[in-house]
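Numbering (our numbering), first residue to last: 106 to 370.
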């Protein structure tokens, strides 16, 4: 796996930790960061040493979105094909985050704005510090609020009315409000945020990896399925899981009154 150059990445106890590392710019994104994040999430699907993923930011921000000079200024020099290529790359990052069959946890340690807000949204779980804020501010810069999957994912997390408010106005909401909306799973004391995210990630990384992957697939499919299709998909998924070694191991552990030792098979 090619190590990234635009952010930090390390693996400990089967948890892949991504740390956006431009603290002086509130971890704003460049073309290189987008590209390397997109590629990393694609590669992590096939990385056997990683069972779950945490993404966070260095310093006082999670991610403030696209760098005004490094990206926005550059986009004015591109033609329609070039701008479309960039937009598709940003969407490919979100696609890879949603399709990697491993849990992704965002530890939102400060402002998450624009593309940074959507990266947090695309994670499976979101923990935040009390001073964190999140803003889908695309309309404030003359863009559609529907960016990088925000118009698809956000209504499914907070409901259509809340999503419409957040995407129309682009205003920042604080961590308690985001938790009340269901956008943040939990608000955690800042000094304990990364430890809590890692604890969740380690628990999931040591869980039944195959069935967690199936769960994520079915959650994704259920976002746009009717009830009949969802029931069929879940029946097939459950039948597959019933043939795994982990299902047998869970049974044996229960009978023997010991913790289960899952292998992901």
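We put the CB at the ideal spot given by N, CA and C, even for glycine.
Computed from a prediction, not measured in an experiment: that's the story for all the values here.
Could you tell me which residues DSSP pairs with residue i in its beta bridges?
| i | result |
| --- | --- |
| residue 125 | 112, 162 |
| residue 210 | 159, 230 |
| residue 140 | Per DSSP, none; premise fails for residue 140. |
| residue 134 | 171 |
| residue 238 | 216, 279 |
| residue 117 | 120 |
| residue 292 | 233 |
Which whole-angstrom value is the C-beta distance of residue i and residue j, which I expect to be below 8 Å?
| i | j | result |
| --- | --- | --- |
| residue 133 | residue 169 | 5 Å |
| residue 223 | residue 199 | 6 Å |
| residue 163 | residue 125 | 7 Å |
| residue 171 | residue 215 | With 8 Å as the limit, residue 171 and residue 215 do not qualify as a contact, their Cβ atoms being about 17 Å apart. |
| residue 167 | residue 225 | 7 Å |
| residue 284 | residue 292 | 5 Å |
| residue 333 | residue 351 | Contact flag wrong, Cβ pair sits at about 28 Å. |
| residue 280 | residue 237 | 5 Å |
| residue 131 | residue 212 | Contact flag wrong, Cβ pair sits at about 15 Å. |
| residue 259 | residue 271 | 7 Å |
| residue 254 | residue 241 | No, residue 254 and residue 241 are not in contact; Cβ-Cβ is about 11 Å, not under 8 Å. |
| residue 261 | residue 328 | 5 Å |
Specify the secondary structure class of residue i as computed by DSSP and reduced to three states.
| i | result |
| --- | --- |
| residue 150 | coil |
| residue 308 | helix |
| residue 302 | helix |
| residue 261 | helix |
| residue 251 | coil |
| residue 246 | helix |
| residue 314 | helix |
Considering only heavy atoms of the ligand PLP, does any lie closer than 7 Å to the CB of residue i?
| i | result |
| --- | --- |
| residue 175 | Of the ligands one can find in the structure shown there are none, so the ligand PLP has no counterpart to examine. |
Whole runs of the alpha helix (DSSP H) within the region 317-368, excluding any shorter than 4 residues: 332-346, 350-361
- prompt: Is there contact here, the region 193-210 with the region 305-317, by at least three beta-carbon pairs under 8 Å?
  reply: yes
- prompt: If you scan the region 165-220 from start to end, which runs of the beta strand (DSSP E) of 3 or more residues do you find wholly inside it?
  reply: 166-168, 209-213, 216-218
The region 143-157 touching the region 173-180, judged by at least three CB pairs closer than 8 Å: no
query: Does the count of Cβ pairs from the region 221-240 and the region 326-342 closer than 8 Å reach three?
result: no
task: Run through the region 261-286 for me and flag every whole beta strand (DSSP E) of 3 or more residues, listed as ranges in chain order.
output: none
field: At least 3 beta-carbon pairs within less than 8 Å: the region 153-170 vs the region 118-125
entry: yes
Any 3 or more C-beta pairs closer than 8 Å across the region 271-288 and the region 245-256: yes
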